[in-house]
Amino acid sequence: MFTGIVEEIGTVVAVVPGDDDQVDARLHVRGPLVTSDARHGDSIAVSGVCLTVVELPGDGVFVVDVMPETLRRTALGGLAAGDRVNLERALPVGGRYGGHVVQGHVDGVGTIASRAAGPRWDDVQVTLDPALARYVAEKGSITVQGVSLTVTHVGDDLFGVSLIPTTLSATTLGTLAVGDPVNLEVDVLAKYTERLLATAGAR
Numbered sequence: 001m002f003t004g005i006v007e008e009i010g011t012v013v014a015v016v017p018g019d020d021d022q023v024d025a026r027l028h029v030r031g032p033l034v035t036s037d038a039r040h041g042d043s044i045a046v047s048g049v050c051l052t053v054v055e056l057p058g059d060g061v062f063v064v065d066v067m068p069e070t071l072r073r074t075a076l077g078g079l080a081a082g083d084r085v086n087l088e089r090a091l092p093v094g095g096r097y098g099g100h101v102v103q104g105h106v107d108g109v110g111t112i113a114s115r116a117a118g119p120r121w122d123d124v125q126v127t128l129d130p131a132l133a134r135y136v137a138e139k140g141s142i143t144v145q146g147v148s149l150t151v152t153h154v155g156d157d158l159f160g161v162s163l164i165p166t167t168l169s170a171t172t173l174g175t176l177a178v179g180d181p182v183n184l185e186v187d188v189l190a191k192y193t194e195r196l197l198a199t200a201g202a203r
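Note that the sequence shown covers residues 1 to 203 in the UniProt record's numbering.
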């Protein structure tokens with residue numbers, strides 16, 4: 001479980017093709033902070049995708065396997081050596097919930113539709129699958145590239161967010177351009193509410 005509060009920006013060191021049908025790629029990522037107490041089997045969110053540490057070769061690098069399903073459903077397939085990624089360790093028991101409940105289970109890939117610079121912030125619009133739009137609410141929460149954000153407005157196939165200076169400097173969202181793909185995770189509470197209501201209505 002995560003909160004969408006990015007701890008550091010990591011760098012992709014290498015993308016190694018998988019050696020069997022179950023693993024499509026093995027990512028080597030440098031993140032000195034998140035590896036400071038990492039162990040084999042720990043979970044680290046990489047740009048919003050929960051991945052399991054399989055190796056810790058040293059020099060602040062951790063290695064994760066990426067399954068074919070993950071590449072199909074996320075924007076990780078476009079990563080290359082040198083790319084920057086948002087990193088967050090799993091929330092420890094008793095840790096602060098600075099963002100919202102984030103699972104690291106990406107629901108879909110959106111696209112940066114527009115961004116406009118304000119006096120001290122950027123207003124950004126992101127397209128998403130209309131099937132996901134029903135889970136997004138104005139002033140609600142959404143995860144973009146692993147970052148917990150507050151929704152400013154919602155349309156049939158897009159939503160808006162405002163990026164404060166800290167978000168612009170401490171995450172990769174500050175450098176994203178129009179047309180860039182982004183991993184999206186909608187609020188899991190909305191999905192559970194829909195499921196419970198549907199089940200109740202079927203009785």
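Backbone N, C-alpha and C define an ideal beta-carbon position, used for all residues, glycine too.
The structure displayed is predicted, hence computed values, not measured ones.
- For E7, there is no enclosing alpha helix (DSSP H), as DSSP marks it with neither H nor E.
- If you look at A131, you'll find it in the alpha helix (DSSP H) that goes P130 to A133.
- Here G104 really is in contact with V49; their C-beta atoms are around 6 Å apart, less than 8 Å.
- For L71, the closest of V54, R26, D59 and L87 by C-alpha to C-alpha distance is R26.
- Assignment of R39 by DSSP, reduced to helix, strand and coil, places it in the coil class.
- Nearest Cα to G160 within the set R195, D129 and A113: A113.
- Taking each of S141, P181, V12 and T167 in turn and checking the Cα distance to G82, the smallest one comes out for V12.
- In this structure the stretch 156-173 touches the stretch 128-146; the number of beta carbon pairs closer than 8 Å is three or more.
- For S169, the enclosing alpha helix (DSSP H) starts and ends at P165 to A170.
- The beta-carbon separation of P32 and G60, rounded to 4 Å, stays under the 8 Å limit for a contact.
- When the Cα atoms are used, V63 and V124 turn out to be separated by approximately 32 Å.
- For E88, the enclosing beta strand (DSSP E) begins and ends at R84 to R89.
- Partner residues in a beta bridge of E138, as assigned by DSSP, do not exist.
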